[in-house]
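Here the structure is laid out as structure tokens; the discussion comes afterwards.
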Amino acid sequence: SQASRGEAQIAAGAPLETEAEPRSSLQPLDGRHRPGLLSPLFKVLYDGQTETPRLQPDDRALHYMKRLYKACATKEGIPKSNRSHLYNTVRLFTPCAQHKQAPGDQVTGTLPSSVDLLFNLDRVTAVEHLLKSVLLYTFNNSVSFPSPVKCVCNLVIKEPEFSSKTLPRVPYSFTFPSQFELRKKYRWIEIDVTALLQPLVASNKRSIHMSVNVTCVKDQLQHPSAQDGPLNMTFLVAPSLLLYLNDTSAQAYHRWYSLHYKKRPSQGPDQKRELSAYPMGEEAAEGVRSSRHRR
Amino acid sequence: DQETVSSELKKPLVPASFNLSEYFKQFLFPQNECELHDFRLSFSQLKWDNWIVAPHKYNPRYCKGDCPRAVGHRYGSPVHTMVQNIIHEKLDSSVPRPSCVPAKYSPLSVLVIEPDGSIAYKEYEDMIATKCTCR
């Protein structure tokens, strides 16, 4: 079966295309877009050939995803039924390119160094719909700060140099202030960026270019003696991007379907979405459809 | 009258050539009856452990065994199953007996490393057989 387009490019070392031709979510799942497990299963059936070589993920990212897996599934791999989340897919991307901009100027109190990040979202398929998106920060192990620290994150989404006319115009840059607090016991800091990324992922953007800077000061309330200059942020590791998605393909597990509807959904994702538009259930949906026909 | 009744009572209940154990055999359940079996697979056997991080063991389970002749209610089988059995036994043996197949499945969660190095948690439908039926 064909490797997906992204794999072919990475293998060929070709520059990632920043604008994929718009793919409708009704696209038939042919070989190139065969979801998840099916393509390697077919490979084993055909020629028993093992998988293509893979880039190794970041250790910290792998550690986070293993914790998420333990929270969502049993040792045998059965999804835990007490979890009421709607997502059936979580993708973690580490930035494929990052560079620090000029370090901030401590005297004028401008922001310390901010980071330019590029995330390649080629693995997100047309049938995966974004539910939530998070920037995931962690710390260098060496860090230790005695008191809680208040931080503000400014995030600027950058339009790629050339953007295809068909995509909805995304304003050139957003500033997205969000506050959070660093405490010694936190291993991970999640910054919700769903509102910002929703339109980009929905328009099938293949890569997202953003500049992030985080400014932290010691919490004055708890430690009035602390000097008020911004802290040096080198202890923050470049963030990963976490996407919580609902895979609408027939192979994916739809827990809310299996909880509420006895009969399995019809295979087409569009019928599924149509039914989900009628929360009363299929009979009601049927009624509405037939009255529509009558009208 | 008494003579008729007594002569009736003297008649053997079953014909002399009739073999009782043979007769009951047709109602016994088959020894290797249709049921669920385990098959614990580790992804390293498929050489997939370089990209499937979790779970380490995967037991898809499978259905195996003979379907009893009178399967009406026992496996949740439709009446069609008995009709197919009768056709096989009485009319045309080229029509196969009903098969022992999965009737229900449960999903499986996997943690995979994608070719580009990103990490994905996915939940797939119908990956573990949980109930068998004769169809």
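Going line by line, the protein sequences match chains A and B. Counting along the first sequence from 1, when you hit position 276 you're at 276 in the numbering used here, and nothing is skipped either side. Counting along the second sequence from 1, when you hit position 21 you're at 21 in the numbering used here, and nothing is skipped either side. From the three backbone atoms N, C-alpha and C, an ideal C-beta is built for every residue, glycine too.
Cβ-Cβ separation between A/F93 and B/S118: approximately 5 angstroms, consistent with a contact (criterion under 8 angstroms).
Taken through DSSP and simplified to helix, strand or coil, A/D116 comes out as strand. What B/Y124 touches in chain A, judged by beta-carbon distance under 7 angstroms, is G36, L37, Q251, A252 and Y253, going in chain order. Taking each of A/A126, A/E128, A/Y137 and A/C96 in turn and checking the Cα distance to A/F119, the smallest one comes out for A/C96.
Under the three-state reduction of DSSP, A/V156 is assigned to strand. Under the DSSP assignment, A/A250 falls outside any alpha helix (DSSP H); it carries neither an H nor an E label.
The alpha-carbon separation between A/A252 and A/Y244 amounts to approximately 14 angstroms.
The Cβ atoms of B/I113 and A/R54 sit closer than 7 angstroms to each other. Beta-bridge partners assigned by DSSP to B/P55: none are found. In this chain, the alpha helix (DSSP H) harbouring A/A71 covers D59 to C72.
By a beta-carbon distance limit of 8 angstroms, A/N88 contacts A/D247. Their separation comes to about 5 angstroms. A straight line joining the alpha-carbon of B/F39 with that of A/N213 spans about 51 angstroms.
Exposure of B/L91 is indicated by the presence of fewer than 16 other C-beta atoms within 10 angstroms of its C-beta. The stretch 189 to 220 of chain A contains, as complete beta strand (DSSP E) runs of 3+ residues, the segments 207 to 218 (chain order). Residue pairing from DSSP places B/E33 in a beta bridge opposite B/D66. When the Cα atoms are used, A/H63 and A/W188 turn out to be separated by approximately 11 angstroms. Here the alpha carbons of B/C34 and B/Y75 stand approximately 9 angstroms from one another.
CA-to-CA, the gap between A/V115 and A/S211 works out to about 5 angstroms.
Residues D49, H56, K57 and Y58 of the same chain have their beta carbon placed closer than 8 angstroms to that of B/S42, with the five preceding and five following residues left out of the count.
Shown here, A/H129 sits in a strand according to DSSP, grouped into three states.
A/R123 sits buried, since 16 or more C-beta atoms from the chains shown fall within 10 Å of its C-beta. For the options A/A73, A/L242, A/L196 and A/P57, the alpha carbon positioned closest to that of A/K158 is the one of A/L196. Residue-level contact by beta carbon fails for B/G65 and chain A, as no gap is shorter than 7 angstroms.
In the structure shown, B/F39 falls within a coil segment according to DSSP collapsed to helix, strand and coil. Under the Cβ criterion of 7 angstroms, B/S77 is not counted among the residues facing chain A.
With a cutoff of 7 angstroms on beta-carbon distance, B/T133 and B/S77 are scored as near each other.
The secondary-structure analysis by DSSP pairs B/V101 across a beta bridge with B/T133. Note that the C-beta distance between B/L36 and B/R61 is below 7 angstroms. Shown here for A/D58: same chain residues with a beta carbon closer than 6 angstroms to its own, the five before and five after excluded, namely T94 in chain order. Residue pairing by DSSP leaves A/V124 without any beta bridge partner.
Listed in chain order, the non-local C-beta contacts of A/K80 below 7 angstroms within the same chain comprise C72, A73 and T74, local neighbours out to five positions each way being set aside. Per DSSP, A/V90 is one residue of the beta strand (DSSP E) stretching across T89 to F93.
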